[in-house]
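Counted the way my numbering counts, the sequence shown spans residues 126 to 648.
The structure appears below as structure tokens.
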Amino acid sequence: MSLQLNQLARLPDAAVLPQHRRQAALAALLLSLAAVVLLYHATFWSMAELWARSQTFAHGFLIVPISCWLAWRQRTRLAALAPRPSRQGLLLLGALGLAWLLADAANVPVVEQYAATAMLPACVLAILGWPAVRLLAFPLAYLFLAVPFGEVFIEPLIDFTAAFTVTALQWSGVPVFRDGSNFSLPTGNWSVVEACSGLRYLIAALALGALFAHVNCHSTRRRVAVMAAALLVPILANGVRAYLIVMLGHLSDMRLAVGVDHLIYGWLFFGLVALLLFWLAARWRELPPPRGVPSARSVRLSTGAASPRAVVRAGVACLLLAALWPALALASQRDDGATLPAMVLTLPDPPAWHRLHDAVPDWQVPYAGTPARFAATYARQDGDAPVGLQLHWYARQARDAELLTHQALPYGARWMPLAQRMRHVKLASGALAVRESVLAHGGERLLVWRVYRQGGIVTARPMLVKLLLAQAKLLGRRQDGADIIVFAAYDELAPPPRARLQAFLQAALPVIEQRLQELPHGP
């Protein structure tokens, strides 16, 4: 033991690395991080806007200071590490920049935000090396919780909450009829909407659970257990909350839990569940493991620091890589402000179908921007059930004016979605995948098939549409795109009119394709 201590005493103490080395590493890192924030300020600002606008993501204001505090706690150990720049960090930074560029061209904000956020840990890796990344692994990973992500889980959470509530009501002997996310009791009607999905509870519990597990637990098993509880308990608790609110309204003959008190009861219940969750988690708290004398191997890892010149080179490389992608994005968007003259979109009648000029459409599809539009109702013979067609064509696509622009009410104010799925339809030209939606308004139903045409390819997959749009923008190709929707109304007791839509799409799609190829387009 004394021999090992003597050997350690003769080795350079990592805590007393030359001052100029520490200063060079710190300056290079801070400059690189500041450059990423400034160069991608629009992306980070879009995150802050969502934090301020949505209560679901308001916790984002706390994530950054918490991550800084967690990193500050490691300042002594971090100062003891020798900077060891890593080429892997530069490769990662380049890959993230490319991902950001593609997401920016295709207007996919969540990918932009994740890529820009991941550039911060990539700079740490490129300048300080793997030892520093391992030491700061949790503070760096915790930053990703600041990205406003999770809306994709709203529909599954709504479906689970509705199913849980209906099942619990049936077990309680209350007669209930479910129609999608709506259900009816003898005393009144209820609906599980976005605010009732429990997403904000889940995200808040996940952020708190991760922090609690990191600070108070030290074994991997206990940290995983706390994180699992933070994920599962809010989902189950939200189902119980919805059931109790419905039962309270049912037993009070719809006098309680139907107005503002609906939200108040929900937040009070979630507060109690959160307190119970962290009270139980506190029983798993562990004392930090004792720190012994460092081994010779750990000291050797802390020695061999890179020269200040190497650290500065790594910092300059980070700056150049970070600046490259916004410059390319600016060049690819140079024509986005140009406008094409407005035009009226016309379409010949499909074979064996004729247009009903006096028919009032059952549904108007929401759209963004000012695309060329065509809407008509068709039937094969007078007296036959009609089919609606709506077509939106964008000559050039830009933010908030493109095929897949987010809509607050994607189906309008009147219709509510009951089911959505991907369906493969057999046409003469081959199988075609369409996005099928079933919309409801009282006893009325609307069967909707939707496809997109981007880059000459007809597809129902939004990801492929975004990739094709990004490719067109970056390579300077034509980026016009079309949204093609066919739909038919029917009664809730009747079978969905899929055969009618299939026959119409079979006849209309070649006509639409030929007309879109004839349209002018921007560069």
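Glycine is no exception: its CB is placed at the ideal position from the N, C-alpha and C atoms.
- Take Gln-604, set aside five residues on each side of it, and the residues of its chain with a beta-carbon closer than 7 Å to its own are Arg-521, Gln-522, Leu-594, Ala-597 and Lys-598, in chain order.
- If you draw a straight line from the Cα of Ala-262 to the Cα of Arg-348, it comes to about 15 Å.
- Following the DSSP letters along the chain, one finds Val-563 inside the beta strand (DSSP E) bounded by residues 555–566.
- Nearest in C-alpha terms to Ser-562, of all of Ala-335, Pro-621, Ala-152 and Gln-639, is Pro-621.
- Counting C-beta pairs with one atom in each stretch, the stretch 444–452 and the stretch 159–170 have three or more that are closer than 8 Å, which means they touch.
- For the pair of segments examined, the stretch 214–223 was found to touch the stretch 247–259: the number of CB pairs separated by less than 8 Å reaches three.
- Going by DSSP, Met-547 is part of the beta strand (DSSP E) stretching over 541–552.
- Taking a 10 Å sphere around the C-beta of Arg-366, we find 16 or more other C-beta atoms and assign the residue as buried.
- In this structure Leu-203 is in contact with Leu-260, their Cβ atoms being roughly 6 Å apart against a cut-off of 8 Å.
- Note that the stretch 317–331 touches the stretch 266–285; at least 3 beta-carbon pairs, one per stretch, sit closer than 8 Å.
- Secondary structure in the stretch 583–645: the alpha helix (DSSP H) runs of 4 residues or longer, each lying completely within the stretch, are 587–600 and 623–643 in chain order.
- Contact annotation, Trp-176 with Phe-186: C-beta distance approximately 5 Å; criterion of less than 8 Å satisfied.
- Remark: fewer than three beta-carbon pairs, one from each stretch, lie closer than 8 Å, so the stretch 190–199 and the stretch 468–480 are not flagged as touching.
- Residues of the same chain with a CB within less than 6 Å of the CB of Ala-293, apart from the 5 flanking positions on each side, are Tyr-368 in chain order.
- Per DSSP, Phe-269 lies in no alpha helix (DSSP H) and is assigned neither H nor E.
- For Ala-288, the closest C-alpha among the options Val-583, Val-317, Gln-515 and Leu-223 is that of Val-317.
- Scanning the stretch 268–308 for uninterrupted alpha helix (DSSP H) segments of 4 residues or longer gives 279–296, listed from N- to C-terminal end.
- Distances from the CA of Leu-158 to each of Leu-446, Pro-491, Leu-589 and Leu-223 were compared; the closest alpha carbon is that of Leu-446.
- Beta bridge pairing from DSSP links Arg-578 with Val-583 and Ala-607.
- The stretch 538–545 and the stretch 504–520 do not touch, with fewer than three beta-carbon pairs separated by less than 8 Å.
- When the Cα atoms are used, Lys-591 and Arg-623 turn out to be separated by approximately 28 Å.
- Relative to the Cα of Ala-355, the nearest Cα in the group Gln-627, Leu-336, Ala-251 and Ala-224 belongs to Leu-336.
- Trp-225: member of the alpha helix (DSSP H) spanning 212–231, first to last residue.
- The alpha-carbon of Thr-502 is positioned some 34 Å away from that of Pro-281.
- According to the DSSP assignment, Arg-410 belongs to no alpha helix (DSSP H), since it is labelled neither H nor E.
- When secondary structure is reduced to three states using DSSP, Arg-438 falls in the helix class.
- Distance from Val-550 to Leu-630 at the Cβ level is roughly 7 Å; contact confirmed, criterion being Cβ atoms closer than 8 Å.
- CA-to-CA, the gap between Ala-240 and Ala-205 works out to about 30 Å.
- Annotation: Trp-488 is outside any beta strand (DSSP E) and is labelled neither H nor E by DSSP.
- Linking Leu-634 to Ala-183 through their CA atoms gives a straight-line distance of about 45 Å.
- For Gly-568, the closest of Trp-404, Trp-540, Tyr-536 and Pro-476 by C-alpha to C-alpha distance is Trp-540.
- Boundaries cannot be given for Ala-533, as no beta strand (DSSP E) includes it and DSSP labels it neither H nor E.
- Arg-570 sits buried, since 16 or more C-beta atoms from the chains shown fall within 10 Å of its C-beta.
- Counting every other CB atom within 10 Å of its CB across the protein chains shown gives Ala-533 a total below 16, marking it as exposed.
- Each residue's CA atom was taken as its position, placing Gly-222 and Ala-607 some 29 Å apart.
- Here Leu-253 carries a helix assignment [DSSP, helix/strand/coil].
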